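The next block holds one structure in the form of structure tokens; read it before the comments.
Protein chains: 2
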Amino acid sequence: MDGGVKKAGVTSSQVAEHAGVSQSAVSRTFTPGASISSKTRQKVLASAKVLGYRPNAIARSLITNRSRIIAVVMAYLENLFYPDVLEELGRALAAENYHLLLFTGFMDRDSDPVFDQLMQYRVDGIILASTSLSSELSEECASAGIPVVLFNRTTERDAVSSVTTRNREGGKRIAEFLVAGGHKSFGYIAGLENSSTNRDRHQGYVEGLAGHGITEIAYEVGNYSRPEAEAAARMMFSRPDRPEALFVANDHMAVAVMDVARYEFGLKIPEDISIVGYDDVGPAVWRSYGITSMSQPVKRMVESTVDILMDQITSGEIEAEHRIHNGELVVRSSARHPETGIVEADGRKIFRPKDV
Amino acid sequence: MDGGVKKAGVTSSQVAEHAGVSQSAVSRTFTPGASISSKTRQKVLASAKVLGYRPNAIARSLITNRSRIIAVVMAYLENLFYPDVLEELGRALAAENYHLLLFTGFMDRDSDPVFDQLMQYRVDGIILASTSLSSELSEECASAGIPVVLFNRTTERDAVSSVTTRNREGGKRIAEFLVAGGHKSFGYIAGLENSSTNRDRHQGYVEGLAGHGITEIAYEVGNYSRPEAEAAARMMFSRPDRPEALFVANDHMAVAVMDVARYEFGLKIPEDISIVGYDDVGPAVWRSYGITSMSQPVKRMVESTVDILMDQITSGEIEAEHRIHNGELVVRSSARHPETGIVEADGRKIFRPKDV
DNA sequence: CTGAAAGCGCTTACAG
DNA sequence: CTGAAAGCGCTTACAG
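Just so you know, the protein sequences line up as chains A and B, in that order.
Residue numbering for the first sequence follows UniProt numbering, starting at 1 and increasing by one per position.
Residue numbering for the second sequence follows UniProt numbering, starting at 1 and increasing by one per position.
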């Protein structure tokens, strides 16, 4: 009965003694690429097994100055896009033998304490995947010599690496789609107004519509939050000039907007109103919603993110890099279809106008 | 231009030199409760600020034998219940000054490599919040002297701490509700058949129905996966003896089942079929689904989990503890309402039969 | 309250 | 290929 007492944890010295070799030999056995004879190695491995030895990653970190830990800051996970990203990150980092220290659940912009924690753990890299964290934080990290990648956002100054999709082109594509669908009046429900994703998507939408001589766009703000999106939708649908076509800045909000449209205003989708979203995530795919939505290729975005990090960690060079991926406008049933421009690809319907 | 070069990181010795005190004094300044004069403390703090010093948590861990890291193993995040839990855990652990090392994105039962990682980082505690991990793993951890809490599941032998809700009572309550609603035929769509949640919910359901002389229950398996739940629903709805009332083992599956019912079989909910779920999470609340569902009090469950962990860490005693919370059957529109037993509480409709 | 010193469990030149 | 030794950046008795 040794239950209840925390085992001391067996050390390399104990293994060394048991195997009749030096502590160095034990260390080399567990260091890939270290020079060690197979015979010694076998002896060590055998003893390690008997004693239940595992190298202490903490001690290793201290001396190598590498923690093999990547911090991921993700303020909220309600939007299924983020859990998706997180799962993919878990996979990708594990494949590189890195671990994921998650910072989530604080809902503020007060990121200084977070930063402090990151620094104390000497993380090897940082992924900022939340739209509501300060740009300062990221630059602070970068200037501390820790590789940082912004996921799905950028900062004004582009001193920090980022991975995004062509949000402006996405907004524009959506405008083209809605115009091609024969809609006459347009609206936009914004996300966080000072986020780069919202800014770019909105700008592209405005430009796209302007290209067809349309300059009036009904506008409400949902701040990427479900309740706020509902409120925005109520405002939008109460307008005397309720638009025929609505671009909602992400799917998380679009779902809420559709529910308000159907169950509070009795609107039929897409007969009474066409709705297009962004992210192509979770509920967007479900039959109840079937949202026509710009996709963001999560898997490739995550790959790029980890790529940049690994590059910077191994090279020691921190040079800002910006990887921009392409999305597709996946066509489902939440918006009227245009007569042309819809093609089949990978079993999905995609909007690809000829002139693009 | 020092960009590109990883800064060495300033140490306590450097701060000591700068402040003209011993390295011990610096350490004491950053150790809450250590005996240090306010004067020395101020000097140290000033120097630390100038130099940008932060204690190295890795070095601290090595000597204190406390990493202040809790590992959370959560195989998949698709079911919004888990991101919810994760966010809450992030908050609760941060409040205790602990950090969250997340293991996710591997979709198998092969948890041995995970275990190895956990051990190498000398985590202070482990939360197992995924239904697909082996019971072995958890006992292995426990026997290694690391506090482990199973979240939302139990094992046969109850040597490992757990936090759950009364799943059997929940299943029973659902049976009572459906019987009270006047349904005559019943079905069940199971989650992972060997998971404790599924076993208990199913058992309670069966017992509850048996109490009313009902022993025939149409049965399909959805394994807590969306595509499998869809397949199960198709089987269920194709039966000549399609049940009037269906209990789906969690909301994640219930959403999929509702979509299949409505859009593939043209069934009206709840007119043609009543559906009840479990978890009371995310989409359950949305108007498109409005699922009548047993709630699991995530916040309180998380509090209990962190509580148990903190107790065991500080006391050094690892004694299995089982906390069981109560849920409520939250009544919405996915199932026919009984004439009596529905009460209002906290602005929600709850099913609470008198004789319970 | 303060400092000198030992030591946490490793990695890695260095010399053989 | 191997071992003795230094050292990573801290905490914490110990003595004053």
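Yeah, the Cβ is synthetic: ideal placement off N, Cα and C, and Gly gets one too.
Keep in mind the model is a prediction, meaning the values are calculated, not measured.
- When B:Gly171, B:Phe177 and B:Leu128 are compared, the shortest CA-CA separation from B:Val72 is found for B:Leu128.
- A direct Cα-to-Cα measurement between B:Ser27 and B:Ser12 gives close to 7 Å.
- Taking 7 Å as the CB threshold, A:Gly90 lines the interface with chain B.
- Interface residue (Cβ-Cβ distance to chain B less than 7 Å): A:Ser288 is classified as such.
- Chain A has no Cβ within less than 7 Å of the Cβ of B:Met235.
- Look at B:Tyr278 here: in three-state DSSP terms it is strand.
- With its beta carbon less than 7 Å from one in chain B, A:Leu101 belongs to the interface.
- The C-alpha of B:Pro338 lies about 12 Å from the C-alpha of B:Ile174.
- For B:Lys349, DSSP records a beta bridge to B:Glu344.
- Residue nearest to B:Val276 within the set B:Ala144, B:Ser138, B:Pro243 and B:Tyr76 is B:Pro243 (criterion: CA-CA distance).
- The straight-line gap separating the alpha-carbon atoms of B:Val179 and B:Leu209 is approximately 8 Å.
- Neighbours of B:Arg54 across chain A, judged by C-beta separation under 8 Å: Asp116, Met119 and Gln120.
- B:Val260 sits close to B:Glu230, with the two beta carbons spaced by under 7 Å.
- Residue pairing of B:Glu220 in beta bridges, as defined by DSSP: B:Ile189.
- DSSP, reduced to helix, strand and coil, places B:Ile126 within a strand of the structure shown.
- By the CB criterion at 7 Å, A:Arg122 and A:Tyr98 fall outside the cutoff.
- Under the DSSP assignment, B:Arg323 falls in the beta strand (DSSP E) whose first and last residues are His322 to His325.
- With respect to chain B, the C-beta atom of A:Ala261 has no partner C-beta closer than 7 Å.
- Boundaries of the alpha helix (DSSP H) around B:Thr314: Val298 to Ser315.
- Between the C-alpha atoms of B:Leu192 and B:Asp200 there is a straight-line separation of about 12 Å.
- Each residue's CA atom was taken as its position, placing A:Asn223 and B:Glu321 some 42 Å apart.
- If you check each beta-carbon in the segment 243 to 261 of chain A against every beta-carbon of chain B, the ones closer than 9 Å belong to Val255, Ala256, Met258, Asp259 and Val260.
- B:Ser185 places its beta carbon 7 Å or farther from that of B:Ile269.
- Residue nearest to B:Ser195 within the set B:Val221, B:Ala48 and B:Thr104 is B:Val221 (criterion: CA-CA distance).
- Chain order gives the chain B residues near A:Ile58 as Ile58, Ser61, Leu62, Ser67, Tyr121 and Arg122, where near means a beta carbon separation below 8 Å.
- The segment 222 to 249 of chain A contains, as complete beta strand (DSSP E) runs of 3+ residues, the segments 245 to 248 (chain order).
- Within its own chain, the residues whose Cβ lies closer than 6 Å to the Cβ of A:Cys141, once the five positions on either side in sequence are excluded, are Ile126 and Val148, listed in chain order.
- Interface criterion not met: the Cβ of B:Pro147 is under 7 Å from no Cβ in chain A.
- Along the segment 61 to 99 of chain A, the alpha helix (DSSP H) occurs as fully enclosed runs of 4 or more residues at 81 to 95, listed in sequence order.
- For the segment 272 to 288 of chain B, the residues whose beta carbon sits under 9 Å from a beta carbon of chain A are, in order, Gly282, Pro283, Trp286, Arg287 and Ser288.
- What B:Glu96 touches in chain A, judged by beta-carbon distance under 8 Å, is nothing: the nearest beta carbon there is about 13 Å away.
- Boundaries for B:Ser35: no beta strand (DSSP E) harbours it, and the DSSP string shows neither H nor E there.
- A:Ser225 sits buried, since 16 or more C-beta atoms from the chains shown fall within 10 Å of its C-beta.
- For B:Leu77, the C-beta contacts it makes with chain A under 7 Å involve Pro83, Leu86 and Glu87, in order along the chain.
- The Cβ atoms of A:Arg332 and A:Ser274 do not sit closer than 7 Å to each other.
- At a cut-off of 7 Å between beta-carbon atoms, A:Thr104 makes contact with chain B.
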